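Sequence order for the protein chains is L and G.
Taking numbering that gives the first Met the number 0, I'd label the letters of the first sequence as residues 0 to 225.
Taking numbering that gives the first Met the number 0, I'd label the letters of the second sequence as residues 0 to 225.
Structure record follows, encoded as structure tokens.
There are 2 protein chains.
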Amino acid sequence: MTIRVLVADDQSMVRAGFRMLLGGEEDIEVVAEASNGLEAVDKAARFDPTVVLMDIRMPELDGLEATRRILAADNAARILILTTFDLDEYVYEALRAGASGFVLKDDPPEQLLGAIRIVAGGDALLSPAITKRVIKRFTRIPQPAPPPQLEELTERELDVFRLIVRGLSNAEIGQELYISDTTVKTHITHILQKLELRDRVQAVVLAYETGLFEEDASARALRVDH
Amino acid sequence: MTIRVLVADDQSMVRAGFRMLLGGEEDIEVVAEASNGLEAVDKAARFDPTVVLMDIRMPELDGLEATRRILAADNAARILILTTFDLDEYVYEALRAGASGFVLKDDPPEQLLGAIRIVAGGDALLSPAITKRVIKRFTRIPQPAPPPQLEELTERELDVFRLIVRGLSNAEIGQELYISDTTVKTHITHILQKLELRDRVQAVVLAYETGLFEEDASARALRVDH
DNA sequence: GCCGTCCTCCTACCCGGGTAGGAGGCGACA
DNA sequence: TGTCGCCTCCTACCCGGGTAGGAGGACGGC
């Protein structure tokens, strides 16, 4: 009844870390390791793991294609994707490829262990940091386009957000809104916390990917053309 | 034959700076100042300036609307827009509003003087830092979409650029490409120089605004849906 | 009245990003 | 053969961005 794990990651340090972490658990056993995608496909077939911890970025064959091939081979293995950062386009691609879950490498250890047990049990799981964004993303196309998680942001935070997305620095935003740059910083900290983003760059990406301020753009265009 | 100038800027320091700068020129005379858009429209009508130095961001009425009103009043004045940063959507709006030129506040003084004389003479002028981007922008829609100024970037720089646009940090980009983060920094410095951008945030904005890596996105989508 | 939210501003601190400048290896090309 | 562009890596430095934490004022609901 032990959970058989295959660890696929190109960095040996990461693999060693997982051996260490999983070695202390009685119900989990690392049955094999792979340092690239091809190896992962091969060893998945040979060792019949319950769960494959799969890094996305690997030489030879990336984790996405490896996931597809393993699942196409009618393997019983569940794939748990590992990634370093969360604003990754590949997240969506990986889920469509059939991955059962998604965790960040810097999630706390207990969370990683919990994730392994959950997907081994047949359930799906996303790292909390990723969940919200994925849901918004997948529910966006079908529905007319409900304003993303933006309702949480205050009016002022939205003001700041719009200027961030236009590439302005904090000082410039302050000038534009007639507030100090320390206040701008305060707003930005709140924005990033609420949206679970790391920095303004990710905020810009999110805005464009979700079409956040499209109305603003068209409003601008209309004013121009009028 | 002197060039009559109206300075419209909400910051008195900026206005003082221009008085100082222009006071030394024999062929230029500052005939009036305005601290907001409404005042600018009013004084343009009363003082009949040759050139209006117009800040975009002003209380009461912004520089764009002020520009439209002045020109709508059938005034002979030429409008020279002042701005602090260059990746500004308003650039395009201002040009459509009828502005004769565009300069950055931190352009060298000689350049500002030159700009005033040029627009006073009836010609149009853009700050060099802005020119390339505007041209690309306005020639983008008509033509099928020639790869923007990107031909200048090397393959490796494009690799890095794509990852920047996905919100990755330098360290993450390094991991992805199997190079050190100092190398990543080197590439990014070159990218920013070539594209005349200030930081990675502006690079992301530029990429999305010009639809730079759309092929990549659709390629991803195709791989997903296949 | 009081409480909570929002907006504003501040200090202090750390870190990642960007600049400057130099250096070596490599392949293409004349 | 030399040279040039590209890629790689480095040190050293500065500065803007982000965090932590506190504080005060305005406003509205309870």
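The beta carbon of each residue, even a glycine, is placed where N, CA and C say it ideally should be.
These figures come from a predicted structure and were not determined experimentally.
- Item | Candidates G:Leu20, G:Thr209, G:Ile2 and G:Ala98: closest to G:Val30 by CA position | One-based indexing of the second sequence puts residue 30 of chain G at position 31. It is G:Ile2 whose Cα lies nearest to the Cα of G:Val30.
- Message: Quick test of the definition: if touching needs 3 or more C-beta pairs under 8 Å, does the segment 66 to 80 of chain L touch the segment 31 to 45 of chain L?
- Response: When Cβ pairs closer than 8 Å are counted between the two stretches, the segment 66 to 80 of chain L is seen to touch the segment 31 to 45 of chain L, the count reaching three or more.
- Item | Beta-carbon proximity check, L:Lys104 vs L:Leu79, cutoff 7 Å | As a position in the first sequence, residue 104 of chain L is number 105, starting the count at 1. As a position in the first sequence, residue 79 of chain L is number 80, starting the count at 1. Pairing L:Lys104 with L:Leu79 gives a Cβ-Cβ distance that is not under 7 Å.
- Give me the Cα-Cα distance between G:Ser34 and G:Val183, rounded to the nearest whole angstrom. Position 35 of the second sequence holds residue 34 of chain G. Position 184 of the second sequence holds residue 183 of chain G. Taking C-alpha positions only, G:Ser34 is separated from G:Val183 by approximately 45 Å.
- Please check the pair L:Ile69 and L:Leu63, which I expect to be a contact at CB under 8 Å, by giving their CB distance rounded to whole angstroms. Start at 1 with the first residue of the first sequence, and residue 69 of chain L comes out as number 70. Start at 1 with the first residue of the first sequence, and residue 63 of chain L comes out as number 64. About 11 Å separates the two Cβ atoms, so there is no contact after all.
- Message: Relative to the C-alpha of G:Phe199, which candidate in G:Glu171, G:Ala114, G:Pro58 and G:Gly166 has its C-alpha closest?
- Response: For the purposes of this step, residue 199 of chain G is taken as the residue at position 200 of the second sequence. Note on identity: in this sequence residue 199 of chain G is Arg, with Phe being the wrong assignment. Out of G:Glu171, G:Ala114, G:Pro58 and G:Gly166, G:Gly166 has the C-alpha closest to the C-alpha of G:Arg199.
- List, in order along the chain, the chain G residues whose C-beta lies closer than 7 Å to that of L:Gly166? Locating residue 166 of chain L in the first sequence gives position 167, counting from the first residue. Correct list: Leu86, Val200, Gln201 and Val204.
- Message: Rounded to whole angstroms, what is the Cα-Cα separation between L:Phe160 and L:Ile187?
- Response: One-based indexing of the first sequence puts residue 160 of chain L at position 161. One-based indexing of the first sequence puts residue 187 of chain L at position 188. If you take the alpha carbons of L:Phe160 and L:Ile187, they lie about 8 Å apart.
- Message: Quick check: G:Asp9 and G:Pro58, are their CB atoms within less than 7 Å of each other?
- Response: Mapped onto the second sequence, residue 9 of chain G falls at position 10. Mapped onto the second sequence, residue 58 of chain G falls at position 59. Yes, they are a contact pair.
- Message: So that I know if they touch, is there some Cβ in chain G lying closer than 7 Å to that of L:Arg56?
- Response: Position 57 of the first sequence, counted from the first residue, corresponds to residue 56 of chain L. The beta carbon of L:Arg56 sits closer than 7 Å to some beta carbon of chain G.
- Query: Skipping 5 residues on each side, what residues in its chain have a beta carbon closer than 8 Å to that of G:Thr185?
  - Reply: The count along the second sequence starts at 1 and reaches residue 185 of chain G at position 186. Closer than 8 Å at Cβ, skipping near neighbours: no residue.
- Task: Would you mind telling me which residues of chain L sit closer than 8 Å to G:Glu175, beta carbon to beta carbon, in chain order?
- Result: Here residue 175 of chain G refers to the residue found at position 176 when the second sequence is read from its first residue. The contacting residues are Arg56.
- Query: Nearest-angstrom Cα distance between G:Ile170 and L:Asp26?
  - Reply: Residue numbering aside, residue 170 of chain G sits at position 171 when the second sequence is read from its first letter. Residue numbering aside, residue 26 of chain L sits at position 27 when the first sequence is read from its first letter. It should be pointed out that residue 170 of chain G corresponds to Ala in this sequence rather than to Ile. Cα to Cα, G:Ala170 sits roughly 35 Å from L:Asp26.
- Is the CB-CB distance between L:Glu114 and L:Thr66 below 7 Å? Translated into the one-based positions of the first sequence, residue 114 of chain L becomes position 115. Translated into the one-based positions of the first sequence, residue 66 of chain L becomes position 67. As written in the sequence, residue 114 of chain L is Ala, which differs from the Glu given in the question. Contact: no.
- Message: Considering just the uninterrupted stretch of the beta strand (DSSP E) at G:Arg77, what are its terminal residues?
- Response: Position 78 of the second sequence, counted from the first residue, corresponds to residue 77 of chain G. Segment Arg77 to Thr82, the beta strand (DSSP E) holding G:Arg77.
- Message: Could you give the first and the last residue of the continuous alpha helix (DSSP H) run that contains G:Gly36?
- Response: Start at 1 with the first residue of the second sequence, and residue 36 of chain G comes out as number 37. It spans Gly36 to Phe46 - the alpha helix (DSSP H) in which G:Gly36 sits, taken as one unbroken run.
- Item | Continuous beta strand (DSSP E) stretch holding L:Gly100: start and end | Sequence index remark: in the first sequence, residue 100 of chain L carries index 101 (1-based). Boundaries of the beta strand (DSSP E) around L:Gly100: Gly100 to Leu103.
- Query: Between which two residues does the beta strand (DSSP E) harbouring L:Arg3 extend?
  - Reply: Stepping through the first sequence from its first residue, residue 3 of chain L is reached at position 4. Start and end: Ile2 to Ala7.
- Message: So, for L:Pro108: in the same chain, excluding its five sequence neighbours on each side, which residues have a beta-carbon less than 8 Å away from its beta-carbon?
- Response: On the first sequence, residue 108 of chain L is found 109 positions in, with the first residue counted as 1. Within its own chain, the residues whose Cβ lies closer than 8 Å to the Cβ of L:Pro108, once the five positions on either side in sequence are excluded, are Leu20, listed in chain order.
- Tell me whether L:Asp54 sits in a helix, a strand or coil according to DSSP, three-state version. Your numbering for residue 54 of chain L matches position 55 in the first sequence. L:Asp54: strand per DSSP, three-state reduction.
- Message: Please give me, in chain order, every unbroken run of the alpha helix (DSSP H) with length at least 4 that falls completely inside the segment 160 to 217 of chain L.
- Response: If we require 4 residues or more, the alpha helix (DSSP H) runs fully inside the segment 160 to 217 of chain L come out as 169 to 176, 180 to 194 and 199 to 208.
- Message: G:Val13 and L:Val203 - do their beta-carbons sit closer together than 7 Å?
- Response: Position 204 of the first sequence, counting from 1, holds the residue named residue 203 of chain L. Position 14 of the second sequence, counting from 1, holds the residue named residue 13 of chain G. Cβ atoms of L:Val203 and G:Val13: not closer than 7 Å.
- Distance, L:Arg155 Cα to G:Ala39 Cα: If you number the second sequence from 1, residue 39 of chain G lands on position 40. If you number the first sequence from 1, residue 155 of chain L lands on position 156. When only Cα atoms are considered, G:Ala39 and L:Arg155 end up about 28 Å apart.
- Item | Contact check, G:Val51 vs G:Leu112, beta carbons under 7 Å | For the purposes of this step, residue 51 of chain G is identified with residue 52 of the second sequence, where counting begins at 1. For the purposes of this step, residue 112 of chain G is identified with residue 113 of the second sequence, where counting begins at 1. In this structure, G:Leu112 does not lie closer than 7 Å to G:Val51 by Cβ.
- Message: Quick check on the DSSP output: the alpha helix (DSSP H) that includes L:Glu64 runs from which residue to which?
- Response: Against the first sequence, residue 64 of chain L aligns to sequence position 65. Gly62 to Ala71 is the extent of the alpha helix (DSSP H) around L:Glu64.
- Per DSSP, G:Ala33 forms a beta bridge with which residues? Numbered from 1 along the second sequence, position 34 holds the residue referred to as residue 33 of chain G. BP columns for G:Ala33 point to G:Ala7.
- Query: What is the residue span of the alpha helix (DSSP H) that G:Leu111 lies within?
  - Reply: Numbered from 1 along the second sequence, position 112 holds the residue referred to as residue 111 of chain G. Start and end: Pro108 to Ala119.
- Item | Span separating the alpha-carbon of L:Leu152 from that of L:Ile190 | The count along the first sequence starts at 1 and reaches residue 152 of chain L at position 153. The count along the first sequence starts at 1 and reaches residue 190 of chain L at position 191. Spanning the alpha carbons of L:Leu152 and L:Ile190 requires a straight line of approximately 7 Å.
- L:Leu162 beta carbon less than 7 Å from that of L:Ile178: By one-based count along the first sequence, residue 178 of chain L stands at place 179. By one-based count along the first sequence, residue 162 of chain L stands at place 163. At the C-beta level, L:Ile178 and L:Leu162 stay beyond 7 Å of one another.
- Given that a residue counts as buried once 16 or more other Cβ atoms are within 10 Å of its Cβ, and exposed if not, what is L:Ser168? The residue given as residue 168 of chain L occupies position 169 in the first sequence. That one is buried.
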